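Student: In order, the protein sequences belong to chains A and B. Taking our numbering, I'd label the letters of the first sequence as residues 1 to 98. Taking our numbering, I'd label the letters of the second sequence as residues 1001 to 1259.
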Amino acid sequence: MYPHERSLVKRLKDKPFALIGVNSDPKDRLKKVIKEKGISWRSFWDGGSTGGPIATAWNVSGWPTIYVLDHKGVIRYKNVRGEAMDKAVEKLLEEVEQ
Amino acid sequence: MKRWACTLLLLGGAVSLAWGEEKPAPDKGSDSEAQLAKELDQLLRDHEKAYAEWLDKLRATKNAQERQKLFGENPTSKFASKVLSLAKRAPASAPGKKALLRVTQLTRTGPAADEALALMVKHHAKSEEMGDIALGARYGFGPKTESLLRTLIEESPHDSVKGKATFALATYLFRKDRNGKGSEEAEKLFDAVVKKYADIELGRGRTLGKSAKGALTEIRLLGIGKVAPDIEGEDVDGTKFKLSDYRGKVVVIDFWGDW
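(1) Between the Cα of valine 96/A and the Cα atoms of Lys15/A, Met85/A, Arg42/A, Tyr2/A, which residue gives the shortest distance?
(2) Quick check: is the beta carbon of lysine 70/A nearer than 8 Å to any beta carbon in chain B?
(3) Could you list which residues in chain A have their beta carbon closer than 7 Å to that of aspartate 1258/B, in chain order?
(4) Could you work out which residues of chain B lie near serine 43/A, taking near to mean beta carbons separated by less than 7 Å?
(5) Please state if the CB of threonine 1107/B and the CB of alanine 1080/B are separated by a distance shorter than 8 Å.
(6) Would you check if the distance between the CB atom of glycine 1233/B and the CB atom of isoleucine 54/A is smaller than 8 Å?
(7) Can you find a C-beta in chain B that's less than 8 Å from the C-beta of glycine 21/A?
(8) Against chain B, does leucine 92/A count as a neighbour if the rule is that its beta carbon must be under 8 Å from one of theirs?
(9) At least one CB of chain A closer than 8 Å to the CB of valine 1250/B: is that the case?
(10) Here's a check: name, in chain order, each residue in its chain whose Cβ is nearer than 7 Å to the Cβ of glycine 82/A, leaving out the five neighbours to either side.
(11) According to the neighbour-count rule (16 or more other Cβ atoms, all chains shown, within 10 Å of its Cβ), is glutamate 1021/B buried or exposed?
(12) Does the region 1186-1193 of chain B come close enough to the region 1217-1226 of chain B to have 3 or more Cβ pairs within less than 8 Å?
(13) Measuring only the C-alpha atoms, how far is aspartate 1159/B from alanine 1112/B?
(14) Can you list the residues of chain A that isoleucine 1224/B reaches, using a CB-CB cut of under 8 Å?
(15) Quick check on valine 1194/B - is its C-beta less than 8 Å from some C-beta in chain A?
(16) From the DSSP secondary-structure annotation, give me the bridge partner or partners of tryptophan 104/A.
(17) If you reduce the DSSP assignment to three classes, tell me which class valine 1161/B lands in.
(18) Suppose you measure from the CA of threonine 1076/B to the CA of tyrosine 1051/B; what does that come to, to the nearest Å?
(19) Report the residue from Ile1200/B, Arg1204/B, Val1194/B whose alpha carbon sits nearest the alpha carbon of lysine 1213/B.
(20) Could you check where the alpha helix (DSSP H) with glycine 1225/B kicks off and where it finishes?
(21) Going by DSSP in three states, phenylalanine 1141/B sits in which element: helix, strand or coil?
(22) Can you tell me where the beta strand (DSSP E) holding valine 1251/B begins and where it ends?
(23) With DSSP run on the structure shown, which of helix, strand or coil describes glutamate 1022/B?
(24) Could you name the residues of the same chain whose beta carbon sits closer than 7 Å to that of leucine 136/A, not counting the 5 residues immediately before and after it, in chain order?
(25) I want to see whether chain A comes within less than 8 Å of serine 1085/B, judged by CB atoms only; does it?
(26) Just checking: is the beta-carbon of lysine 87/A within a distance shorter than 8 Å of some beta-carbon in chain B?
(27) Assign glutamate 1129/B to one of three DSSP states: helix, strand, or coil.
(28) Pull up the distance between the alpha-carbon of lysine 1205/B and that of lysine 91/A, whole angstroms please.
(29) Could you pull out every residue in the same chain whose Cβ sits closer than 6 Å to the Cβ of lysine 1162/B, ignoring the five residues on either side in sequence?
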């Protein structure tokens, strides 16, 4: 997961794009992971467990769970990963530039 | 389902059929039932032991190749077939029911699961234990899943079974077709769960009502085409921020954990 996410963030750094995490690890663990694995995107810290308030509000029961929003905040894709994620983001970026 | 697992199940099924023919004819009365119960408990203990040993071996593997080889040695499907054979000696009895239930917990698809399910429906359709079968079915019990659940909803005399089957059918349909028609019927069924069966317990502090409400949130607020609800929270440094801060950008929200 991390290499793909890292390269996506790097590739799109000058585009109207953001990768936002919602993390379910204990805080110490998250800090460690960010440092050691080069996590280059911001995450909400969801209270330290998979039962945190954000995951609960979004009915998340499997990890990872992905939502892709367009520039108006509308949900357009769910659970796309790897190349499918790249394609979805590309398509939505075209809409911003229109 | 992986090919090697299918082969294992088929082999297990074939062997258990052969064994079945050699057993003495099923008997009268509580003596043979007590005997069956004893043998079942021993068999379940044997399985626990074999499974724990297999898990230990799995933890000790050093690479993907070793792991792959060990996956083929999972003892569970062999035991599922043995438990099924036991059950078939007296499927209508109490230990028979216990054995059939166990088979459906050990294996979800394949000949052993299908047979155990059919026997449960034949001999124990009105029993309260069908609720657990229903819950297990929400991830799919093969092609008969939907009809089984609809039958239970209609015919079970127990509210707990009706509730669990309604919830399971909703979950099954929603998972099958998360962004299409599946979620239309799922929404109606989850609504029925919240209205009629909310307090039925799912274990681990969850109730049917709680889980159904979560699913309804996802269907109603988090479907494709819906404006995402805002998120307000803190990052790892304690700095507050919101999802809506990023309006105007394409956003990927990634629920993740490092494990």
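Glycine residues also receive a C-beta, built at the ideal position from the N, C-alpha and C atoms. Predicted, not measured: the structure shown is a model, and the values here were computed from it.
Tutor: Checking against the coordinates, here is how it stands:
(1) Lys15/A
(2) The question names lysine, but residue 70/A in the sequence shown is aspartate. Aspartate 70/A counts as touching chain B.
(3) Asp25, Arg29, Val33
(4) Asp1235, Val1236
(5) Inclusion of alanine 1080/B and threonine 1107/B in the CB contact set at 8 Å is warranted, their separation being smaller than that value.
(6) yes
(7) At a cut-off of 8 Å between beta-carbon atoms, glycine 21/A makes contact with chain B.
(8) yes
(9) yes
(10) His4
(11) Because the pLDDT of glutamate 1021/B is 44, which lies under 50, any placement of that residue in the model is unreliable, and the number read from its coordinates should be weighed accordingly. By the 10 Å Cβ count, glutamate 1021/B comes out exposed.
(12) yes
(13) 28 Å
(14) Ile75, Arg76, Tyr77, Lys78
(15) no
(16) In this structure chain A extends from 1 to 98, so residue 104/A is not present and cannot be described.
(17) helix
(18) Whole-angstrom Cα-Cα distance: 7 Å.
(19) Nearest Cα to lysine 1213/B within the set Ile1200/B, Arg1204/B, Val1194/B: Val1194/B.
(20) Judged by DSSP secondary structure, glycine 1225/B falls outside any alpha helix (DSSP H); it is assigned neither H nor E.
(21) coil
(22) 1250-1256
(23) Its pLDDT being 46, under 50, glutamate 1022/B is placed unreliably by the model, and the measurement read from it follows with that caveat. Three-state result, glutamate 1022/B: helix.
(24) Outside the shown range of chain A (1 to 98) lies residue 136/A, about which nothing can therefore be said.
(25) At a cut-off of 8 Å between beta carbons, serine 1085/B makes no contact with chain A.
(26) no
(27) coil
(28) Note on residue identity: the sequence assigns glycine, not lysine, to residue 1205/B. Distance from the CA of glycine 1205/B to the CA of lysine 91/A, rounded to the nearest whole angstrom, comes to 42 Å.
(29) Ile1153, Ser1156
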